[in-house]
Amino acid sequence: MLKNHIVFSELYKSVITNIGIVLFVTFLSTNAYAKGTWEYFATNSTVKDIVAHNNLVWVSREDGLYLIDITDMSYIKVDDDGGALAMDEEGTLWIVRKGIEILTFDGNRWQRHRESDEKKMYPEFGGSWLYIQDAAFVDDTHLWIDTLQDILIFNMETKKITIGPGYDDLGISSNTICVTENGDIWLGGYDLWYFNGETWTHYTTETGLPFNNINDIVCKDNKIWVGTPNGSFCLENDSFTIYDDSLYFDTYNEFASVNGYSWFAGYEIGRYDGEEFTYFASNGPVQKSLWSVGISPQGHIWFGTELNGYYSIYDGNTWDHDTILDVIDGQMVDIISSIGFSSDSIPWLCTIQNRLYTQKDNKWVYYGAEKGWEYNLNDVAIDKSDGVWVANVNYLKYWNGIEWKTWDFKEVFNDNPTHFYCNIMDIDIAQDGTLWLGCNGGVLHFDGETYDRYIPEDGLVSDYVNAICEAADGSVWFGTENGVSHFTGTEWMNYTVTDGLSHNLITSIAIGHDGTVWLGTDYGLNSIDDSGIKSFTTEDGLINNDIRDIAIHPDGTLWIATAGGASHYIPENVITSTPNSNLPKPVSILTNYPNPFNPSTTIEFSTTGAGFVSLSVYNLSGQKIRELVADLKPAGTHSVIWNGRDESGNQVSSGIYIYQLRAGDVVRSNKMMLMK
């Protein structure tokens with residue numbers, strides 16, 4: 002994981018002194034009107050270029066230039082502007098920015114070799130000076146610069162720029178340049194090009210190229226490594242090898258080689274040691290545009306993103322990132338539209354495309370290739386028996402652990418000519434086990450055999466229903482494109498912007514432990530309680546006003562997925578357990594010793610009242626490893642020994658594990674490390 006601390010050599014202390022330190026941090030904002038605390042987690046922007054020298058890696062992101070010390074993965078932000086990066090033989094960093102501004106940094110001082118000319122968008126030779134793709138040294142005096150349309154050659158001695166081969170003369174529209182140790186030049190764009198100093202060779206998918214749309218190229222150990230949106234491959238002696246473990250879409254935009262490792266960067270930083278990939282997550286979601294949020298039984302927050310099947314997991318201390326990427330039958334994963342969990346913490350993720358993903362044996366598997374699965378998997382919900390319900394265009398599907406059952410609803414709304422199909426947008430499982438289905442055409446209350454339908458003529462504010470949530474008293478809230486409806490079973494009450502909502506388009510609903518109804522909208526967050534309607538926007542601490550999903554944590558706080566990152570709202574008076582509960586409430590004593598440990602550790606916890614308590618151990622993927630306690634416990638301090646073995650008696654591997662104490666609605670978690 003990336004650690005937010007600074008450990009650098011004396012050589013680079015001047016950089017820190019002169020420019021200051023800017024880290025990837027969690028930003029806090031407190032608002033008096035909200036009577037609570039806001040946190041937001043902003044994603045790091047995509048890496049555009051990366052070069053390395055010794056143990057230092059320079060990274061150009063959309064939001065600036067960063068320097069990473071790979072000995073401990075600490076980093077600083079050097080400048081607010083990035084650019085294309087190149088490293089000469091003496092270890093001097095060259096930076097090329099829009100307008101063909103060229104800078105160098107030799108570890109002590111900055112020097113400008115060419116001023117920016119942003120107004121000169123289209124020089125006499127036809128290329129765009131605004132869009133710099135990549136840069137590389139061909140020899141000691143010539144720096145090749147890849148722009149949107151042309152290759153430019155900068156002579157370091159004369160300070161002149163000339164045009165090289167490009168789109169007009171060779172048909173090359175490249176994204177990246179790589180120069181081998183013997184001076185051979187590789188260009189990557191839609192295809193792959195090779196120049197030996199005299200002639201060009203063109204590689205296409207028709208001639209064996211595994212993938213098009215090349216993001217970056219690096220030469221290492223006489224191999225040409227190539228990164229594409231579909232994964233990484235290498236070329237050696239005209240033979241291509243695909244590395245399936247690196248199928249991370251745009252993660253591998255850029256490469257660098259340091260101390261025998263290949264380093265990859267895009268949405269995050271990864272390292273390949275020749276056998277396996279290691280990923281270094283940052284302090285925030287992997288992408289800015291989040292689409293869904295779910296909370297696992299052990300309290301981990303999962304965010305689904307808008308692009309390429311990425312998801313991020315936050316355990317309260319660190320972030321982990323991964324992808325459910327598959328490229329099967331020509332279909333690629335995009336938006337993760339919903340996240341649910343079974344009681345044993347197995348995740349279920351559905352995508353806008355026709356794929357439903359879950360984990361088996363710590364690997365992602367999917368459903369959806371079968372007949373009857375259409376596009377737009379909008380929601381997944383898990384019932385009390387761990388049955389899985391999936392909302393699909395025209396269909397409702399149910400998995401009982403053995404087989405699928407399907408209900409066809411495409412004829413339900415055929416009486417309305419404006420609805421050509423039944424698009425089920427949201428599922429809410431009622432306390433009695435029946436289903437509430439929000440559709441583009443109204444609401445269905447379904448008991449597995451028959452359904453009741455509700456439309457505007459019945460009192461619903463709009464027949465386009467995006468979100469549903471049942472309250473503790475059995476009443477139901479419906480979020481629509483034109484406001485929110487509250488149905489008590491006999492009466493309807495509707496709320497719109499005229500009543501105080503910040504926007505009529507309701508995207509999500511969640512109900513807090515205290516009964517407060519939280520509404521995500523296209524413009525901000527709303528709450529409804531006995532005191533009325535309140536609105537919260539970016540002025541109050543929300544990271545972005547475009548809200549996609551809301552989840553209530555067991556501790557009573559809100560986690561919000563937005564188009565601009567994740568927000569966490571901590572109300573002033575958080576209720577973490579049900580009123581009048583006689584279940585035990587864990588106090589601050591929840592620890593283990595020794596930690597780190599080998600081979601066993603003692604976990605100690607305390608309760609203030611008698612009741613049922615469970616204590617379990619999970620790995621970082623959220624899978625339950627061992628249940629240590631599941632019993633009635635009296636008030637007082639208790640301890641249990643974990644011997645580092647799973648439920649089958651097998652010794653688990655070294656690493657970090659989560660132990661979680663549950664008592665009633667209260668959940669407490671902590672980390673421990675097994676070291677062998």
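In my numbering, the protein residues as written are 2 to 677.
Note that beta-carbon positions come from the ideal geometry of N, C-alpha and C, so glycine has one too.
Residue i versus residue j: straight-line alpha-carbon distance, rounded
{"i": "Trp400", "j": "His54", "result": "53 Å"}
{"i": "Val139", "j": "Thr206", "result": "27 Å"}
{"i": "Trp95", "j": "Glu237", "result": "29 Å"}
{"i": "Ser63", "j": "Asp70", "result": "It is worth fixing the name first, because residue 63 is Glu in this sequence and not Ser. Approximately 20 Å between the Cα atoms of the pair."}
{"i": "Asn395", "j": "Asp530", "result": "35 Å"}
{"i": "Asn593", "j": "Ser640", "result": "9 Å"}
{"i": "Thr517", "j": "Asn527", "result": "10 Å"}
{"i": "Ile337", "j": "Trp405", "result": "21 Å"}
{"i": "Trp374", "j": "Arg549", "result": "24 Å"}
{"i": "Gly484", "j": "Trp493", "result": "13 Å"}
{"i": "Ile162", "j": "Thr148", "result": "13 Å"}
{"i": "Arg663", "j": "Pro635", "result": "14 Å"}
{"i": "Tyr658", "j": "Tyr132", "result": "46 Å"}
{"i": "Ile456", "j": "Gly369", "result": "30 Å"}
{"i": "Asp448", "j": "Gly434", "result": "8 Å"}
{"i": "Thr93", "j": "His569", "result": "42 Å"}
{"i": "Asp409", "j": "Tyr452", "result": "12 Å"}
{"i": "Phe488", "j": "Val462", "result": "11 Å"}
{"i": "Thr481", "j": "Ile225", "result": "53 Å"}
{"i": "Gly305", "j": "Ser670", "result": "23 Å"}
{"i": "Gly442", "j": "Thr352", "result": "22 Å"}
{"i": "Thr202", "j": "Ser175", "result": "14 Å"}
{"i": "Gly691", "j": "Leu350", "result": "Outside the shown range of the chain, which is 2 to 677, sits residue 691, and nothing can be said about it."}
Residue i and residue j closer than 8 Å at C-beta
{"i": "Ser607", "j": "Thr638", "result": "yes"}
{"i": "Ile553", "j": "Gly513", "result": "yes"}
{"i": "Ile243", "j": "Pro211", "result": "yes"}
{"i": "Ser339", "j": "Asn379", "result": "yes"}
{"i": "Thr142", "j": "Glu116", "result": "no"}
{"i": "Trp365", "j": "Tyr358", "result": "yes"}
{"i": "Val444", "j": "Phe479", "result": "yes"}
{"i": "Trp437", "j": "Glu471", "result": "yes"}
{"i": "Phe234", "j": "Gly209", "result": "no"}
{"i": "Ile551", "j": "Gly521", "result": "yes"}
{"i": "Val97", "j": "Ile146", "result": "yes"}
{"i": "Ile430", "j": "Leu397", "result": "no"}
{"i": "Gln150", "j": "Asn363", "result": "no"}
{"i": "Ile507", "j": "Asn546", "result": "no"}
{"i": "Val630", "j": "Ser654", "result": "no"}
{"i": "Gly533", "j": "Gly490", "result": "no"}
DSSP bridge partner residues for residue i (one or two, in chain order)
{"i": "Arg454", "result": "Leu445"}
{"i": "Arg98", "result": "Glu102"}
{"i": "Lys398", "result": "Val391, Thr407"}
{"i": "Trp478", "result": "Cys470, His487"}
{"i": "Gly513", "result": "Paired residues: none, contrary to the question."}
{"i": "Pro572", "result": "Gly37"}
{"i": "Gly83", "result": "Paired residues: none, contrary to the question."}
{"i": "His322", "result": "Ser313"}
{"i": "Asp147", "result": "Asp135, Ile152"}
{"i": "Ala631", "result": "Ser615"}
{"i": "Ile430", "result": "Leu436"}
Span of the beta strand (DSSP E), counted from its first residue to its last, around residue i
{"i": "Leu326", "result": "That residue, Leu326, is in no beta strand (DSSP E); it is neither H nor E in DSSP."}
{"i": "His114", "result": "111-115"}
{"i": "Ser640", "result": "637-643"}
{"i": "Asp50", "result": "48-54"}
{"i": "Glu605", "result": "602-608"}
{"i": "Leu1", "result": "With the chain represented from 2 up to 677, any question about residue 1 goes unanswered, as that position is not in the structure."}
{"i": "Gln360", "result": "357-361"}
{"i": "Gly209", "result": "From DSSP, Gly209 is part of no beta strand (DSSP E); its letter is neither H nor E."}
{"i": "Val180", "result": "175-180"}
{"i": "Ile340", "result": "337-342"}
{"i": "Leu663", "result": "Checking the displayed sequence, the identity of residue 663 turns out to be Arg instead of Leu. Counting along the chain, the beta strand (DSSP E) containing Arg663 begins and ends at 656-664."}
{"i": "Ile551", "result": "548-553"}
{"i": "Ala382", "result": "380-383"}
{"i": "Trp292", "result": "291-296"}
{"i": "Leu1", "result": "With the chain covering only 2 through 677, there is no way to say anything about residue 1."}
{"i": "Thr163", "result": "161-164"}
{"i": "Tyr524", "result": "Looking at the DSSP string, Tyr524 is not in any beta strand (DSSP E), and its letter there is neither H nor E."}
Determine contact between the stretch 183-190 and the stretch 133-151, defined as no fewer than three beta-carbon pairs at a distance below 8 Å. Touching, per the Cβ criterion.
Okay, do the stretch 99-118 and the stretch 165-180 touch, 3+ Cβ pairs below 8 Å being the bar? In short, these stretches do not touch, since the Cβ pair count stays below three.
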